[in-house]
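Heads up: the sequence shown begins at 0 in numbering that gives the first Met the number 0, then just goes up one per residue.
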Amino acid sequence: MHFVNCNFHGKIYQDFNMITIDRFKGIIDFQGQIACRNILNNGIPIISAISFVCGLIAQDSNYVFICFGLLSIILLFICVPAWPHFNKHPVAFLPLRSKGSTLREKSKTKDQ
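Listed below in structure tokens is the structure:
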């Protein structure tokens, strides 16, 4: 990653970029991905039906598209940011093995 290096504010700019990058990483665990997919899969037909009913009541097709667009933006605001409730079950990875130990070496020691 390339940072602008200015004499006066190079360090401040670099720190600001790292804070911004960390804030918008978008880490979501697997359960959060499933929940987000379910919200989208159920939300799109629901907002389509609501938009159709709004257009039917108003007798204007423009209301269908306006209502669908606004509700889609709301649905995107619900699903797109990495909200904390989408990361309630983080994945616990195994610790790193030492540099010298490989699977072949471990199998040789077990055979002996």
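Yeah, the Cβ is synthetic: ideal placement off N, Cα and C, and Gly gets one too.
query	result
On the premise that Gln30 lies in contact with His88, defined as a C-beta separation below 8 Å, what is that separation, rounded to the nearest angstrom?	5 Å
For the pair the segment 25–45 and the segment 66–79, tell me if three or more CB-CB distances fall below 8 Å.	yes
Can the beta-carbon of Gly115 be found closer than 8 Å to that of Ala81?	What the structure shows of the chain is the stretch from 0 to 111, and residue 115 is not part of that stretch, so it cannot be assessed.
So, helix, strand or coil for Pro44, using DSSP?	helix
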